[in-house]
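Okay, so here's the structure we're looking at.
There are 2 protein chains.
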Amino acid sequence: MSHQESLTAYLAAFVAELVHCGITDIVVSPGSRSTPMAMVMAEHPDLQVHIHVDERSAAFFALGMAKASNRPVALLCTSGTAAANYFPAIIEARYSRVPLLVFTADRPHELREVGAPQAIDQIHLYGQHVKWFAEMAPPERSNEMIRYVRSVCARAVAIAGQAPAGPVHLNFPFREPLIPRLEDDLFQLTDRPKGYVKVHHGESIINDDQIRQIAEKINRKTKGIIVCGNIDDGCFAEAVTKLSDILKFPILADPLSQLRSGGHNLENIIDTYDTFLRNEDAKKFLKPDVILRFGAMPVSKALSIFLKENLESDQYVIDGGSGWRDPFALSTDMIYSSETLFCQQLSALVEEKTSDHYLKQWLAINELTKENMSIVKDINELSEGKLFSQLVDLLPEGATLFVGNSMPIRDLDSFFLKNKKSIKVMANRGANGIDGTVSTALGAALYSKSLYLILGDLTFFHDINGLFAAKRQQIDINIILINNNGGGIFSFLPQSEHPKHFELLFGTPLDLEFEFAVKLFNGHFTKIKDWDHLKNEMERSKDATGINVYEILTSRDRNRDEHRKFWNSVSQEISKYVKGEQM
Amino acid sequence: MSHQESLTAYLAAFVAELVHCGITDIVVSPGSRSTPMAMVMAEHPDLQVHIHVDERSAAFFALGMAKASNRPVALLCTSGTAAANYFPAIIEARYSRVPLLVFTADRPHELREVGAPQAIDQIHLYGQHVKWFAEMAPPERSNEMIRYVRSVCARAVAIAGQAPAGPVHLNFPFREPLIPRLEDDLFQLTDRPKGYVKVHHGESIINDDQIRQIAEKINRKTKGIIVCGNIDDGCFAEAVTKLSDILKFPILADPLSQLRSGGHNLENIIDTYDTFLRNEDAKKFLKPDVILRFGAMPVSKALSIFLKENLESDQYVIDGGSGWRDPFALSTDMIYSSETLFCQQLSALVEEKTSDHYLKQWLAINELTKENMSIVKDINELSEGKLFSQLVDLLPEGATLFVGNSMPIRDLDSFFLKNKKSIKVMANRGANGIDGTVSTALGAALYSKSLYLILGDLTFFHDINGLFAAKRQQIDINIILINNNGGGIFSFLPQSEHPKHFELLFGTPLDLEFEFAVKLFNGHFTKIKDWDHLKNEMERSKDATGINVYEILTSRDRNRDEHRKFWNSVSQEISKYVKGEQM
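For the protein sequence lines, the chains are Z and C, in the order given.
For the first sequence, this note's numbering gives the first residue as 1, with consecutive numbering after it.
For the second sequence, this note's numbering gives the first residue as 1001, with consecutive numbering after it.
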């Protein structure tokens, strides 16, 4: 049996199995060593091959597709540093629980660690940051090895997808010659032609005794809150709002909880806590005796501090991915259960609360905070806070909003209020990096109609190469680029009080004309002049095609001052209100 | 003692020690967790802080400085995926033996693996790819801990620099508040104020008995060749050419051996072997009985095959870095000795050869090959081969030439001939990636006057962000951009015989107007029209400032045809010559 026949049969079986397991997309970066896999993949009619030259962007692009489709997406690159460029996206996938399949081509064993070109040590290349690593056997076409390669494929897909989802890495040693034999019946499998092994994914659930004990404890509490961070489960909104309704517990909903927008019951949703929990009077007034927390840690630092200050209350952390999402060691109960199932179980067992007094207090302060938002909404100049307060109105029904890290996600948290539109909010909150944001959004755009990306200038700059995917694949995307010429978040941190090295180390102005970057990729660039201009452009954006970048120039100092003015004003009003209530 | 005092004293001692150890440059990427180290570093008068927003480019920029200065250069970034972006450059540094000091800020222990923002597992983040990893103790200012931090610093610098040089990673946990107290006497150390421990680096050398045995063996051989790959030791050229002179062994000099240009004796240098060793008659005619190999594996595949076909000859691999540079398992003797010292030792012991017949045969075929280069030099259109054959004349005396991977380094190997100019040739040949090339060249430009970068369009695209350093630091660089709109090397590989998926997977045209990318960073862009235009521009380039990109449009197919025509023509001439000699 020839080398070429073995290589082809082995890889065709692997790729056929991959498709059987539901994989539809693979992002390939060009290279020589990965040739046999790339050619076999390109041959499969049901596998979409996306080409991306920069592997760092490629991996984030795959991440975006996986996030938006809730399915594993595969990556393929050649040997050497190409594979190392995947590392940032792999780490993000791990911490944000997104399934990725990373396939790297490698030199065969005899060419490793002997100074051969483009050969690096790829064994466990990503260390603890993948859920599973396998060094694949060299290609063979015996029945045994065909079973092996199909079984490993099914297993890799299963592990990537099982909660907590994450990245899996398979390393393939390939010998020369690298060209497979592409024949018509390439993907016809003799054994089990419809797939080798179907994996039935289970969800975590606690037993009746456990849930009854929790229900009894919660029955004895009167001041409860529900905190929801980043969570991605279509059934969760329904389940948690029903629970809130029974318990009369307000829901503090992070923008990534998907609870601020949509057709579910929004009544008990608290959406301005990041602002009013900066106020000491409010925090004392609203002191809870029990906290139920779902999803990742919320973005809001004010909320984190509030949770820390209530160490003595029962704190339940519900985590279907069996992690340990508790940075301040606050949890009294760590519950490894599907979040939706837990809400449903608990709703069936707890007594409906008769008083909604505590809930009403939260809602009143939430309303008061919103009333004060006029301070932000009345600003005439282009301003970051105002932009985020207007987003709900500017975005079309059914839009997906991808938000950059650093300031944008925080401003979204502060100013993006609950609404009946269907707007999905996405961000890279696994490791909160500014890298790969453009690519992740573009990947998401393939599975989410009407994608809007809002991000700062440093974040945009970090992943300019990512725009190549949009040009090559003619992806439609609207990008709102907030250009405050540097790292705006640092103006809010203690670093800003030390002017000596501030601009050098933290302000870091880029002084770039981003129009050139947009033109490089055949995009449309619009410098927004004023609010009317923005409104008109956003109206037109619904039908825009290709890359559309709307640059909004703002000032870091003015932005900080505007935020502080708003926070101070709200704080005064709330203190007044709380004192009035307490009299 | 306050947290702030401990933090400041600990880091000031570390940074003072870093400067004592000879470190002059640190590349910092902005971030919050790294604040205390960044601020203390910015305060040191003898440390140059370079800011780079994109950590991937930042790391390659540091690599370039380290390559050009032959001293370790330091990197600093914040926690999270920022650190993962360093990975490609760290791997390149490891395999190309370049000293790097990688400092990453991390969350303190209590915030690890608990869902805290921007916290990833940074312990052994780079796996086997660093020479040493240390998780640093949390900052303290006791005498013991000040001694500890200074000693670790000296040790990190020493390990990075000791042959084989490479990257070292220190991970620093920092607690909030992160602001150090910057006072005037920050860097005044009480104990050992001039540096804690001086490390005396030794070189590997074999003993008298060992070298005598080798000399005796070589005395019995008459047909020897010396093969020199990438090597970076200022004294090596003198030592190896002297050895060649005594032994009458030709030196097959890779462009990265630094032996093709310079004031040393060029007489025995063979510079066209990549062309004529494709000819079977030449290979039989020139069959050696002993091979001495220095440096990394040469770029030339023809030479690699020649070495493989001479398995029965004695093959000595001399490696001062004690590696295993032997991808085809050919070595009969692996010699862990400084390459220069080995040449000097051997020169003193071997008998001077009386016959130069074998050497003359090599030189004759080398000359014959050069005569046939007129086929390339007479091309009228812009052509890649001709460009490289003209480089020696186009570059000014004292220039440094940084060469991209893939086709450019191979064309340099084929067409860049020996010359008396002082031209240093650099490339990233540790892992041969196309990533980070612009940044590495820019880093090198800080330590090498008159830097010319020559690279292809995919390589340029991969590291567009790298140009930011040139804009920010006003670095002067001349970039010859060979734009054949895709991966030119694949036209020479078997992949090109399978047209079905060729352009999708391997040709990968970008279709970009690079002028926009250059303008984004305030650079000058020139589209070269013809050879006269290029000549004039290169003449003017000697005084050019800032970023200067000269784009040369070529065709992948025509390029392949031109190369093949040249190789075929040379091959015919050589076969004729060899047959004539053998009659």
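Using N, Cα and C, we set each Cβ at its ideal position, and we do this for glycine too.
Computed from a predicted structure; not experimentally measured.
Selection from the options that minimises the alpha carbon distance to residue i
{"i": "L1292(C)", "options": "I1218(C), Q1258(C), K1360(C) and H1357(C)", "result": "I1218(C)"}
{"i": "E1584(C)", "options": "G1166(C), F1249(C) and A1066(C)", "result": "Since the first residue shown for chain C is 1001 and the last is 1583, residue 1584(C) is missing from the structure and cannot be characterised."}
{"i": "E216(Z)", "options": "K420(Z), V350(Z) and S448(Z)", "result": "V350(Z)"}
{"i": "V1570(C)", "options": "E1367(C), H1498(C) and Y1447(C)", "result": "E1367(C)"}
{"i": "G1115(C)", "options": "R1429(C), A1093(C), G1080(C) and A1137(C)", "result": "G1080(C)"}
{"i": "F1294(C)", "options": "E1539(C), L1401(C), I1335(C) and A1082(C)", "result": "I1335(C)"}
{"i": "A1445(C)", "options": "R1564(C), Y1316(C), Q1474(C) and M1145(C)", "result": "Q1474(C)"}
{"i": "D1289(C)", "options": "L1303(C), S1069(C) and D1314(C)", "result": "D1314(C)"}
{"i": "I23(Z)", "options": "H52(Z), S57(Z), F402(Z) and G161(Z)", "result": "G161(Z)"}
{"i": "G580(Z)", "options": "H501(Z), G487(Z) and Q361(Z)", "result": "Q361(Z)"}
{"i": "Y1010(C)", "options": "F1103(C), R1141(C) and D1393(C)", "result": "R1141(C)"}
{"i": "N1488(C)", "options": "S1406(C), K1377(C) and Y1452(C)", "result": "Here the sequence assigns Gly to residue 1488(C), which means Asn is not the residue at that position. The candidate whose alpha carbon is nearest that of G1488(C) is S1406(C)."}
Nonlocal neighbours in the same chain, by C-beta distance under 6 Å from residue i, ignoring five residues either side
{"i": "F1236(C)", "result": "E1339 and T1340"}
{"i": "F460(Z)", "result": "L481"}
{"i": "F1276(C)", "result": "A1282, I1365, T1369 and I1574"}
{"i": "N1483(C)", "result": "D1457, E1551 and L1553"}
{"i": "H124(Z)", "result": "F133"}
Residue i: contacting residues in chain Z (beta-carbon distance under 8 Å)
{"i": "E1508(C)", "result": "The displayed chain sequence assigns Thr, not Glu, to residue 1508(C). Per Cβ cutoff of 8 Å: P30, I51 and V53."}
{"i": "Y1095(C)", "result": "I120"}
{"i": "E1513(C)", "result": "K519 and L520"}
{"i": "L1504(C)", "result": "A42, V49 and I51"}
Contact set between residue i and chain C, taken where Cβ atoms lie within less than 7 Å
{"i": "I464(Z)", "result": "I1464 and N1465"}
{"i": "G323(Z)", "result": "G1115"}
7 Å CB neighbourhood of residue i in its chain, flanking five on each side removed
{"i": "H1533(C)", "result": "none"}
{"i": "N485(Z)", "result": "D457, P509, L510 and D511"}
{"i": "F87(Z)", "result": "Y126"}
{"i": "Q1345(C)", "result": "I1211"}
{"i": "L330(Z)", "result": "L307, K308, L311 and Q315"}
Below-8 Å beta-carbon distance, residue i vs any chain Z residue
{"i": "D1326(C)", "result": "yes"}
{"i": "E1005(C)", "result": "no"}
{"i": "P1499(C)", "result": "no"}
{"i": "T1272(C)", "result": "no"}
{"i": "G1320(C)", "result": "no"}
{"i": "F1342(C)", "result": "no"}
{"i": "T1024(C)", "result": "no"}
{"i": "A1296(C)", "result": "yes"}
CB contact check: residue i to chain C, cutoff 8 Å
{"i": "P255(Z)", "result": "no"}
{"i": "R56(Z)", "result": "yes"}
{"i": "K198(Z)", "result": "no"}
{"i": "A165(Z)", "result": "no"}
{"i": "M39(Z)", "result": "yes"}
{"i": "F516(Z)", "result": "yes"}
Chain-ordered chain C contacts of residue i [CB-CB under 8 Å]
{"i": "P494(Z)", "result": "P1177, L1178 and I1179"}
{"i": "F172(Z)", "result": "Here the premise fails: no neighbours, minimum Cβ distance about 16 Å."}
Chain-ordered neighbours of residue i on chain Z, where CB pairs are closer than 7 Å
{"i": "T1035(C)", "result": "Q495"}
Chain Z residues whose Cβ lies nearer than 9 Å to that of residue i
{"i": "A1160(C)", "result": "Chain Z residues near A1160(C): none, gap ~19 Å exceeds 9 Å."}
- Message: At a CB distance below 9 Å, what residues from the region 1426-1460 of chain C approach chain B? Give them in sequence order.
- Response: Of the protein chains in the structure, Z and C, none is chain B.
* Give the residues from the region 1118-1132 of chain C that approach chain Z closer than 9 Å (Cβ to any Cβ), ordered along the chain. => Q1118, A1119, I1120, D1121, I1123, H1124, L1125, Y1126, G1127, Q1128 and H1129
Determine which residues of the region 1534-1549 of chain C have a Cβ less than 8 Å from any Cβ of chain Z, and write them out in chain order.
none
Checklist line | Near-chain Z residues of the region 1097-1115 of chain C (beta-carbon distance less than 8 Å), N- to C-terminal order | finding: E1110, L1111, E1113, V1114 and G1115
- Please list the residues of the region 66-97 of chain Z that have a C-beta atom closer than 7 Å to any C-beta atom in chain C, keeping them in chain order. G80, T81, A82, A84, N85, F87, P88, I91, E92 and Y95
Pull out every residue of the region 1470-1494 of chain C whose Cβ sits closer than 7 Å to any Cβ of chain Z, in chain order. G1487, L1493 and P1494
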